[in-house]
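Asks: I'd like to ask some things about the structure below.
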Amino acid sequence: MHRLLIALLAALDAVLAAAGGIAVVLAPLALLWVFGIGDPDWGALWPASAAVWHLGHLVPVTITLPDAYLAATGIDPSFATFTLSLAPLAFAAFTGLFAARSGSRAAEAGSGLTGWLSGSLVFAALSAGIALTSQASLVTSETWLAILLPSLVFLVPSLIGAIAGAWRVGDDGPVDAVRGWIERMPSTWASVPGLALRGLAIATLGLVSVGAVVVLAGLIARASQVIGLYQASNADGVGATVIALGQLLYLPTLVLWAVSFAAGPGFALGTDTAVTPAATQVGALPGIPVLGAVPDSTSSWLLLLVLLPVAVGALTGWILRSRMPVTAGPEPLAPRLVLAVVVAVLTGGVGALAAVVSSGSIGPGRLADTGPQPGPLALTLGLEVLVGLAILLLSPRLGGDEGDERHEEPDERGFSYAAREHVPFDRDEHGTGPTPTGSPTGAGIPHDVWPSAYRDPDAVATDTGLGARGSALGAFSSPVPAVSAPPVSAPPVSESPAAGSSGELSDDEVRARIRAAWSEHGGEPDGTS
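In our numbering, the protein residues as written are 90 to 618.
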């Protein structure tokens with residue numbers, strides 16, 4: 090595909106990614122402005138929408154409450170300005186997935202670098218436009234962060250997608266060079282880099298699934314508290330819809346909190362608070378309905394949740410072990426040990442990154458510290474996944490050496506034949522002439538008519554042996570009634586000097602005797618009867 094076309098398609102992907110995120114915020118806020126506010130200020134709609142979009146792409150947003158609002162609500166003026174930095178990760182997830190798919194398509198089309206650069210530059214330009222046009226007195230953010238962080242949210246996944254696409258189809262460049270270097274490694278080590286990345290993907294997906302299950306279980310177990318918070322909000326239909334959409338946007342953030350809860354370190358819901366399987370210590374919480382799923386107290390049974398990350402590690406180890414090459418001798422320990430450690434370390438790094446993006450501030454005062462801590466989460470996830478990996482990767486392979494036999498083809502034959510000596514083809518000996526000759530009735534076909542290439546190699550190569558075989562066959566054959574047909578008369582054959590001198594029959598005589606023998610038994614040499 091032409092590079093210009095790839096660049097244009099990547100730019101279109103960037104435009105769709107940015108426009109899709111903005112539309113998800115702008116549409117419900119526009120409904121809120123129309124139906125929820127008596128005298129709306131339409132000039133504030135775009136800054137509010139852009140602020141939510143920035144917050145979803147990890148940009149901290151500073152909110153300043155007006156004096157009239159402070160006087161009406163009685164809020165302490167010291168809390169008039171605060172920072173929101175807890176990101177609704179649904180925006181970042183949408184942009185990242187869209188960017189990864191765009192980079193992968195560009196690489197598969199033959200120009201991953203062009204597509205990556207085009208999409209990243211266009212998205213950065215759009216981020217700069219949104220940041221420069223959305224500044225307001227009540228909602229502000231650092232301009233350079235509003236440009237840099239959304240651009241990185243698109244750029245990094247797009248690069249990863251481009252590398253993955255180039256790895257699948259090749260790029261005649263650095264990716265193929267790395268692949269060649271890996272393939273030149275010893276056979277026991279060549280599969281380790283690819284398996285490490287595969288193990289990281291499997292472990293990450295498994296841990297996210299664990300977090301989703303924990304969130305769902307918490308919502309079901311404490312459904313009455315969640316419903317009670319909805320009722321206490323006294324929101325009308327539009328307000329309840331906006332609250333529900335906001336909680337859906339924060340659902341990926343809650344899943345990462347649940348991963349930290351299942352792993353053991355838990356998360357915080359304010360300064361000097363902790364929500365862990367071992368103990369729960371929280372104070373007054375905001376009236377957000379989904380926070381009703383946070384348990385007031387814990388049970389010793391919740392400590393069994395730690396086994397879930399271990400199970401994810403064991404599942405990852407089982408999948409990786411099944412894809413490791415089978416060796417003829419004892420399976421080396423070093424590649425398996427390195428693979429287990431690398432996957433565990435990478436999983437711990439992903440856990441630290443998850444803690445960074447899922448923590449921040451949700452309000453003034455003590456609410457400025459929420460979410461998991463990167464260090465404890467990375468350490469516990471790495472160790473738990475390592476234990477599960479070691480169970481399957483470092484233990485002996487089930488079946489022992491039986492796996493080697495499946496690659497061997499059995500060399501068994503039902504019959505064996507002795508090799509015959511190869512006889513070259515003689516055209517003069519096998520040729521036939523046009524003139525048939527006859528033979529006396531009952532004489533059969535003399536043995537000396539057949540060329541030597543057609544004789545049985547197991548029989549004695551003498552006239553006596555051949556005659557004995559002919560007599561034995563005649564004794565076991567039943568008489569065949571003669572067919573009423575005019576006898577074939579054979580014209581006299583003139584002996585050639587070569588035939589007379591050598592004592593052998595000519596080709597014409599061989600053919601004539603064969604025809605005569607077939608005529609005596611009621612058939613013709615052409616197969617008709």
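Note that the Cβ used here is the ideal one computed from N, Cα and C, for glycine as well.
Closer than 8 Å is the cut-off here; do at least three beta carbon pairs connect the segment 367-385 with the segment 246-262?
Replies: Judged by Cβ distances under 8 Å, the segment 367-385 makes no contact with the segment 246-262, as fewer than three pairs qualify.
Asks: Can at least three beta-carbon pairs, one atom from the segment 403-418 and one from the segment 138-152, be found at a separation below 8 Å?
Replies: The answer is no - the segment 138-152 does not touch the segment 403-418, with fewer than three Cβ pairs under 8 Å.
Asks: Which same chain residues end up closer than 8 Å to residue 386 when comparing Cβ atoms and leaving out the 5 residues on each side of it in sequence?
Replies: Taken in chain order, the residues that qualify are 369.
Asks: Which first and last residues belong to the beta strand (DSSP E) in which residue 152 is found?
Replies: Per DSSP, residue 152 belongs to the beta strand (DSSP E) from 150-153.
Asks: Excluding sequence positions up to five away, which residues of its chain have a Cβ less than 6 Å from the Cβ of residue 457?
Replies: Closer than 6 Å at the Cβ level, and outside the excluded window around residue 457, lie 450.
Asks: Could you compute how far the alpha carbon of residue 598 sits from the alpha carbon of residue 609?
Replies: Distance between the alpha carbons of residue 598 and residue 609 is about 17 Å.
Asks: By alpha-carbon positions, which one of 221, 170, 442 ends up nearest to residue 454?
Replies: For the residues 221, 170, 442, the minimum Cα distance to residue 454 belongs to 170.
Asks: DSSP state of residue 198, grouped into three classes?
Replies: Looking at residue 198 - three-state DSSP - the assignment turns out to be coil, as it is neither helix nor strand.
Asks: In the DSSP assignment, find the unbroken alpha helix (DSSP H) run with residue 360 in it and report its ends.
Replies: Note, residue 360: premise wrong, no alpha helix (DSSP H); not H, not E.
Asks: Assign residue 102 to one of two classes, buried (16 or more other C-beta atoms within 10 Å of its C-beta) or exposed (fewer than that).
Replies: So residue 102 ends up on the buried side.
Asks: Compute the beta-carbon to beta-carbon distance between residue 461 and residue 280, rounded to the nearest angstrom, for a pair I have assumed lies under 8 Å.
Replies: Wrong, their Cβ atoms sit about 34 Å apart, outside the cutoff.
Asks: Kindly indicate which three-state DSSP category residue 228 falls into: helix, strand or coil?
Replies: Residue 228 falls in the strand class under three-state DSSP.
Asks: Going by beta carbon distance, what residues of the same chain come within less than 6 Å of residue 225, once the five residues before and after it are set aside?
Replies: Correct list, in chain order: 136.
Asks: Do you know offhand how far residue 269's Cα is from residue 452's?
Replies: In a straight line, the C-alpha of residue 269 is about 53 Å away from that of residue 452.
Asks: Under a three-way DSSP split, which group does residue 222 fall into?
Replies: Three-state DSSP puts residue 222 in a helix.
Asks: Going by beta-carbon coordinates alone, are residue 216 and residue 352 separated by less than 9 Å?
Replies: Contact: no.
Asks: Given residue 71, which residues of its chain have a CB within under 6 Å of its CB, disregarding the five upstream and five downstream residues?
Replies: Residue numbering for the chain in the displayed model covers 90 to 618; residue 71 lies beyond these limits and cannot be assessed.
Asks: What is the residue span of the alpha helix (DSSP H) that residue 619 lies within?
Replies: Missing from the structure shown is residue 619; the chain here goes from 90 to 618 and no further.
Asks: Where does residue 118 land, buried or exposed, given buried means 16+ other C-beta within 10 angstroms?
Replies: That one is buried.
Asks: What is the rounded straight-line gap between the Cα of residue 466 and the Cα of residue 398?
Replies: About 12 Å.
Asks: Taking the beta carbon of residue 164 as the centre, do at least 16 other beta carbons fall within 10 Å, making it buried, or is it exposed?
Replies: The residue in question, residue 164, is exposed, as its Cβ has fewer than 16 Cβ neighbours within 10 Å.
Asks: Quick one: is residue 427 buried, meaning 16 or more other Cβ sit within 10 Å of its Cβ, or exposed?
Replies: With fewer than 16 other Cβ atoms within 10 Å, it is exposed.
Asks: Just mark residue 242 as buried or exposed, buried being the case when its beta carbon has 16 or more other beta carbons within 10 Å.
Replies: Its Cβ being crowded by 16 or more others within 10 Å, residue 242 is buried.
Asks: Given a cut-off of 9 Å, decide if residue 471 and residue 433 are closer than it, judged by their beta-carbon atoms.
Replies: Yes, Cβ-Cβ distance for residue 433 and residue 471 is below 9 Å.
Asks: DSSP three-state call for residue 317: helix, strand or coil?
Replies: In this structure, residue 317 counts as helix in the three-state DSSP scheme.
Asks: Are the CB atoms of residue 459 and residue 175 within a distance shorter than 9 Å?
Replies: Yes. Within cutoff.
Asks: Here's the rule I'm using: 16 or more other beta-carbon atoms within 10 Å means buried, otherwise exposed. How should residue 180 be labelled?
Replies: With 16 or more other Cβ atoms within 10 Å, it is buried.
Asks: Which same chain residues, not among the five before or five after residue 253, have their C-beta less than 7 Å away from its C-beta?
Replies: For residue 253, where only same-chain residues beyond five positions count, the Cβ hits under 7 Å are 193.
Asks: Rounding to the nearest angstrom, what Cα-Cα distance links residue 392 and residue 98 in this structure?
Replies: Rounded to whole angstroms, residue 392 to residue 98 spans 50 Å at the Cα level.
Asks: Residue 594 lies in the alpha helix (DSSP H); which residues open and close that run?
Replies: Here residue 594 belongs to no alpha helix (DSSP H), and DSSP marks it neither H nor E.
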